Each structure stands twice: as structure tokens, then as C-alpha cells.
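Here the structure is laid out as C-alpha cells; the discussion comes afterwards.
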Amino acid sequence: MVVFSNDLDKVMAAFIIATGMAALGTKVSMFFTFWGLSVLRKDPAPQTIKDVISAMFGAMLPRGATKLALSKMHMLGLGTRMMKQVMARKRVSTLPELMQQARSLGVRFVACDMAMDVMGLQREELLDEVDEVAGVGTFAAMAQASGTTLFI
Amino acid sequence: MVVFSNDLDKVMAAFIIATGMAALGTKVSMFFTFWGLSVLRKDPAPQTIKDVISAMFGAMLPRGATKLALSKMHMLGLGTRMMKQVMARKRVSTLPELMQQARSLGVRFVACDMAMDVMGLQREELLDEVDEVAGVGTFAAMAQASGTTLFI
Amino acid sequence: MVVFSNDLDKVMAAFIIATGMAALGTKVSMFFTFWGLSVLRKDPAPQTIKDVISAMFGAMLPRGATKLALSKMHMLGLGTRMMKQVMARKRVSTLPELMQQARSLGVRFVACDMAMDVMGLQREELLDEVDEVAGVGTFAAMAQASGTTLFI
Chain A
1 MVVFSNDLDK VMAAFIIATG MAALGTKVSM FFTFWGLSVL RKDPAPQTIK
51 DVISAMFGAM LPRGATKLAL SKMHMLGLGT RMMKQVMARK RVSTLPELMQ
101 QARSLGVRFV ACDMAMDVMG LQREELLDEV DEVAGVGTFA AMAQASGTTL
151 FI
Chain B
153 MVVFSNDLDK VMAAFIIATG MAALGTKVSM FFTFWGLSVL RKDPAPQTIK
203 DVISAMFGAM LPRGATKLAL SKMHMLGLGT RMMKQVMARK RVSTLPELMQ
253 QARSLGVRFV ACDMAMDVMG LQREELLDEV DEVAGVGTFA AMAQASGTTL
303 FI
Chain C
305 MVVFSNDLDK VMAAFIIATG MAALGTKVSM FFTFWGLSVL RKDPAPQTIK
355 DVISAMFGAM LPRGATKLAL SKMHMLGLGT RMMKQVMARK RVSTLPELMQ
405 QARSLGVRFV ACDMAMDVMG LQREELLDEV DEVAGVGTFA AMAQASGTTL
455 FI
């Protein structure tokens with residue numbers, strides 16, 4: 001599974017599918033690239049030395065799973081906040097809870113090295129739960145060996 | 153196939169692929185979740201008793217296949233209307249026609265129960281053509297058994 | 305692989321995955337449809353005779369791989385230009401370079417005939433590198449025979 005997006009709704013769908021498949025005994029790997037790397041950022045961020053562009057990316061991209069916004073009806077944060085409240089009342093797991101469930105079901109988190117380089121993200125800025133930093137070659141090999149591959 | 157989006161262009165692509173594959177004899181199931189549930193809404197909606205939030209979602213989300221908008225060049229409805237006219241002139245099936253073709257080719261429509269709960273949608277608000285209301289476990293089992301899985 | 309989008313970031317991801325898989329010896333076909341057709345447009349466009357609507361589409365859609373915009377942080381072109389500069393400094397291949405790599409690794413480019421018809425695009429407006437103009441039936445057959453299918 002490629003997680004390309006950092007929209008809250010799409011990332012939640014990715015984790016719901018990942019945990020659902022892992023619960024059936026399927027081995028699941030999630031490859032986070034481009035905007036999707038935001039999901040794996042630590043909050044607060046550790047101190048790092050960065051060039052100007054990397055610092056700008058760091059400031060503009062959401063810092064971790066609790067900071068993501070809906071792809072539609074975000075409405076300057078109001079829609080996203082409302083959606084989170086509704087989900088809490090309906091007892092839908094939050095994104096951090098889903099990530100925890102995915103981890104405990106053995107879902108692997110892989111961060112794309114090329115996207116980290118472009119965004120100026122360093123390994124220590126990403127969650128300790130990340131299993132591997134790897135390139136597209138690793139992803140291609142995973143996809144080849146995999147029954148189902150999704151791009152989200 | 154997961155239909156997550158409610159953009160007219162993406163949903164049409166989903167149905168064109170679904171009917172194309174079904175025409176080759178492949179068994180196709182479409183799992184509608186989140187924004188994608190809009191596609192399955194009846195228009196006009198039947199009378200239902202709803203809390204305020206569910207009523208708000210109901211009012212803000214498009215009511216069925218004829219109300220969807222393009223993901224790009226919507227231009228306050230102008231672009232979407234123009235695109236529909238062009239498609240009609242080029243004899244491309246409309247979305248309701250594609251849905252009908254999919255049905256007659258045996259494509260299964262599955263609605264995601266968790267998303268229905270979050271959006272406050274009740275079974276009777278969805279088309280009678282919906283075969284099943286099911287959860288991610290059902291989807292995961294379908295994906296496991298399936299040769300091709302798309303997330304649209 | 306279906307390339308539906310014409311966002312620079314998504315199209316680059318599509319080509320990075322395509323070249324990554326082709327480098328492992330996998331046969332890869334990319335089916336360009338709807339907005340994705342923009343990627344294959346020649347720039348400058350050859351002279352063609354068009355009706356008004358087709359000319360409007362032609363003017364509004366990006367003309368080829370060098371004209372695409374980011375799906376997020378485009379910021380009237382500033383974000384896209386900055387991203388391209390960062391990628392150049394990090395020695396990430398540009399989209400035209402990725403397309404060239406894909407070609408030399410034997411990746412097939414297929415253009416969707418229905419989308420070309422709707423957008424009013426003629427064969428000679430698309431790159432000579434396009435191997436085939438085909439319909440959804442061809443795509444469905446490719447997907448059936450394929451291990452991995454992505455919708456991007």
C-alpha cells in the first residue's frame with residue numbers, strides 16, 4: 001500500500017483497510033511517500049539543523065497524525081474538527097489509535113527515502129515506529145510479491 | 153474496488169472500469185465508503201428522523217449520482233455542466249446509465265457501514281440496488297480473494 | 305496502472321513506481337485517461353482543426369509534462385516552481401527524464417480513446433512515444449492479466 005496523501009480522510013481509510021487486512025492474517029506494508037510522510041512526523045519535532053527550504057517545508061506540512069485536514073469540507077478547520085467529534089461520538093478509532101492498532105497487528109511502516117530527501121526530513125523527525133527507510137526499489141519488490149496494492 | 157471519492161470524473165472512471173471488467177467476465181464488487189456513499193443516495197431522499205449533525209451532512213453532501221461535481225474545472229457548476237454536455241454529444245453514457253449497465257452485468261454494490269454511521273445515512277436513504285451493507289472485514293476478505301483492487 | 309490525474313506530484317509518483325517496477329523486470333503498461341492525457345500532449349501543439357469546445361479544453365488543460373502543477377501548495381505556480389528547484393538540487397529526475405527512463409525500460413504508454421474523444425484531442429497532438437490508443441476493454445484485459453494495478 002502506498003500512502004501518498006496527507007488528507008485525514010484518505011489516511012484514515014488507508015489505516016482502516018490496513019488493520020482490516022492484517023486482522024485477517026495478511027502481511028501488510030505501508031509505504032509513505034511525498035505528502036504521506038506528514039503522517040509519520042513526530043510532534044513536537046526534535047531539534048534539527050536545516051537549510052531554509054527544508055525549514056519552510058517543515059513549517060508548511062502538517063506535523064503528525066493529529067494535524068491532518070480533510071480533503072473536502074475542511075472549512076478552515078471547522079469541518080475537520082466537526083468530523084473528528086462525530087467520529088468520537090460514533091466510537092470510530094482516531095488516527096493515532098488506528099496507527100497503534102496497525103502496529104500491534106504487525107503492519108510495517110516504510111518511509112520513502114527520496115521523498116524524505118526532497119522534503120528535508122531527517123530520520124529522527126519520524127516516529128520510532130517506522131520500520132525502514134527505503135527507496136522505490138524496495139517498494140517495487142514489495143508490490144511484486146503482494147496480492148493487493150493500493151495507491152491512496 | 154473501493155469508491156472513496158464523490159468527484160464525478162473519478163466515479164465515472166470507477167464505473168467505466170467496473171463495467172469493462174465485468175464485461176470480460178470478471179466478478180466485480182464496488183465498496184462505497186466515505187464521500188463515495190453520496191453516489192448511492194436516493195434523490196429525492198425519503199423522510200427520516202435525524203440529529204442535527206446528520207441533517208447537516210445530508211444537506212452538504214451531493215444527493216446521488218446526478219449531483220456530483222468534477223474534481224477540477226468545476227467552476228461553480230459551469231465546467232461540470234459543460235463536461236456533461238460534451239459527454240452527451242460524444243455519446244458517453246451518463247453516470248446513472250453506467251450504474252444501470254454495471255447492475256445488469258452483475259457488479260455488486262456494497263455500502264460501508266462505518267461511513268454510513270459517521271455520515272448519519274440510513275439504509276433506506278440508499279438505492280435499493282445496494283446489495284449489502286458491510287464493514288471493513290468484508291472488504292478485506294473481498295480484496296484478499298480479488299486479483300485486482302483499486303482505490304478511487 | 306491507470307494515470308487519471310494530471311497533478312505533477314501524482315504523475316511523478318506514477319512514473320517513479322513504473323520505472324521502479326520495470327527495472328525489476330516487470331512488464332508495465334500505463335493507461336492515461338481523463339486529466340492524465342495532459343501528460344502526453346505535445347508542446348508546442350501541432351496545428352489541428354477543432355470545434356470551440358475542444359479548443360477550450362485544449363487551452364485550459366496543461367500542455368505536456370513540463371506544464372503540470374502540484375496537487376497541493378501550488379500557490380499560483382510559486383510552490384510548484386520551488387518544488388522543481390528543490391528536486392533538481394536533490395538530483396531527482398524531472399518528469400520528462402522519468403518518462404524517457406520509462407520508455408527505455410520498455411514501459412508501454414496507452415492513451416484512452418474515450419477520454420481523447422471527450423477532450424477533443426487528436427492522435428497527432430499526443431507524443432509519438434504513445435504505443436497505442438485503446439478503450440476500456442483493452443485496459444480491463446491488461447488489468448486481468450496483471451499482478452498489480454494502481455489508480456493514480
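Chains A, B and C, in that order, are what the protein sequence lines are. Residue 1 in our numbering is what sits at position 1 of the first sequence, and the numbering runs on without skipping anything. In our numbering, each residue's number is its place in the second sequence (first place is 1) plus 152. In our numbering, each residue's number is its place in the third sequence (first place is 1) plus 304. Even glycine gets a Cβ: it sits at the ideal position worked out from N, Cα and C. Every value quoted in this text rests on a predicted model; they were computed, and no experiment measured them.
| field | Per-residue DSSP class, three states only, for residue 349(C) | value | Residue state, collapsed to three classes: coil.
| query | Taking the continuous alpha helix (DSSP H) assigned at residue 69(A), which residues delimit it? | reply | Run containing residue 69(A): none; DSSP gives neither H nor E here.
| said: So, for residue 217(B): in the same chain, excluding its five sequence neighbours on each side, which residues have a beta-carbon less than 7 Å away from its beta-carbon? | reply: 191, 247, 248, 251.
| message | Comparing C-alpha positions only, which one of 87(A), 7(A), 84(A) sits nearest to residue 70(A)? | response | Nearest option by C-alpha distance: 7(A).
| field | Same chain, Cβ closer than 6 Å to residue 154(B), five either side skipped, listed in chain order | value | Cβ within range, chain order: 183, 303.
| query | Quick one: which chain C residues come within Cβ less than 8 Å of residue 60(A)? | reply | Simply 377.
| Beta-carbon of residue 13(A) versus every beta-carbon of chain B: anything under 8 Å? | Closer than 8 Å: yes.
| field | Rounded Cβ spacing between residue 308(C) and residue 330(C) (contact assumed at less than 8 Å) | value | About 21 Å separates the beta carbon of residue 308(C) from that of residue 330(C), a gap too long to meet the 8 Å contact definition.
| task | Would you please state the rounded distance, in angstroms, between the beta carbons of residue 58(A) and residue 67(A)? I believe it to be under 8 Å. | result | Between the beta-carbon of residue 58(A) and that of residue 67(A) there is about 12 Å, and that puts the pair past the 8 Å contact cut.
| query | In three-state DSSP terms, what is residue 173(B)? | reply | In the structure shown, residue 173(B) sits in a helix (DSSP, three-state: H, G or I).
| Whole-angstrom distance between residue 136(A) and residue 28(A), CA atom to CA atom | Linking residue 28(A) to residue 136(A) through their CA atoms gives a straight-line distance of about 17 Å.
| task | Could you tell me the distance, in whole angstroms, from the CA atom of residue 168(B) to the CA atom of residue 175(B)? | result | One C-alpha to the other measures close to 10 Å.
| task | Determine the DSSP secondary structure at residue 284(B), reduced to helix, strand or coil. | result | DSSP places residue 284(B) in strand when its eight states are reduced to three.
| request: Return the Cβ separation of residue 277(B) and residue 196(B) in integer angstroms, given the expectation that the two are a contact with Cβ distance under 8 Å. | output: Not really, about 10 Å apart at Cβ, beyond 8 Å.
| Which value, in whole angstroms, describes the spacing of the CA atoms of residue 300(B) and residue 149(A)? | So the alpha carbons of these two residues sit roughly 8 Å apart.
| Can at least three beta-carbon pairs, one atom from the segment 76-84 of chain A and one from the segment 406-419 of chain C, be found at a separation below 8 Å? | Touching, no.
| request: List the residues of chain A whose Cβ lies closer than 8 Å to the Cβ of residue 289(B), in chain order. | output: Going along chain A in sequence order, the residues near residue 289(B) (Cβ under 8 Å) are 20, 23, 24.
| task | Just mark residue 37(A) as buried or exposed, buried being the case when its beta carbon has 16 or more other beta carbons within 10 Å. | result | Sixteen is the threshold: when 16 or more other Cβ atoms of the shown chains lie within 10 Å of the Cβ of residue 37(A), as they do, the residue is buried.
| Against chain B: residues of the segment 409-423 of chain C by CB proximity under 7 Å | Those would be 418, 421, 422, in chain order.
| field | Distance cut-off 7 Å: residue 180(B) Cβ against heavy atoms of the ligand HEM | value | With respect to the ligand HEM, the structure shown offers nothing to examine, as it has no ligands at all.
| Residue-chain proximity (residue 391(C), chain A), Cβ-Cβ < 8 Å | Judged by the 8 Å Cβ criterion, residue 391(C) is in contact with chain A.
| query | Do you know how far the Cα of residue 325(C) is from the Cα of residue 297(B)? | reply | The C-alpha of residue 325(C) is placed about 23 Å away from the C-alpha of residue 297(B).
| task | Could you pull out every residue in the same chain whose Cβ sits closer than 8 Å to the Cβ of residue 74(A), ignoring the five residues on either side in sequence? | result | Result list for residue 74(A): 80, in chain order.
| Nearest chain A C-beta to residue 381(C) closer than 8 Å, yes or no? | Taking Cβ atoms only, chain A never reaches closer than 8 Å to residue 381(C), which makes this a no.
| said: Going by the DSSP bridge assignment, what does residue 415(C) pair with across the sheet? | reply: Bridge partners of residue 415(C) according to DSSP: 336(C), 437(C).
| task | Would you mind stating whether residue 244(B) and residue 261(B) have Cβ atoms separated by less than 8 Å? | result | Residue 244(B) places its beta carbon 8 Å or farther from that of residue 261(B).
| Between residue 254(B) and residue 170(B), is the Cβ-Cβ spacing less than 8 Å? | Yes; because the gap between Cβ atoms is below 8 Å, this pair is in contact.
| query | Could one say the Cβ of residue 308(C) lies closer than 8 Å to chain B's Cβ atoms, at least one of them? | reply | Closer than 8 Å to some Cβ of chain B, the Cβ of residue 308(C) qualifies, so yes.
| Straight-line Cα distance separating residue 382(C) from residue 48(A) | Cα atoms of residue 48(A) and residue 382(C): separation of roughly 26 Å, rounded to the nearest angstrom.
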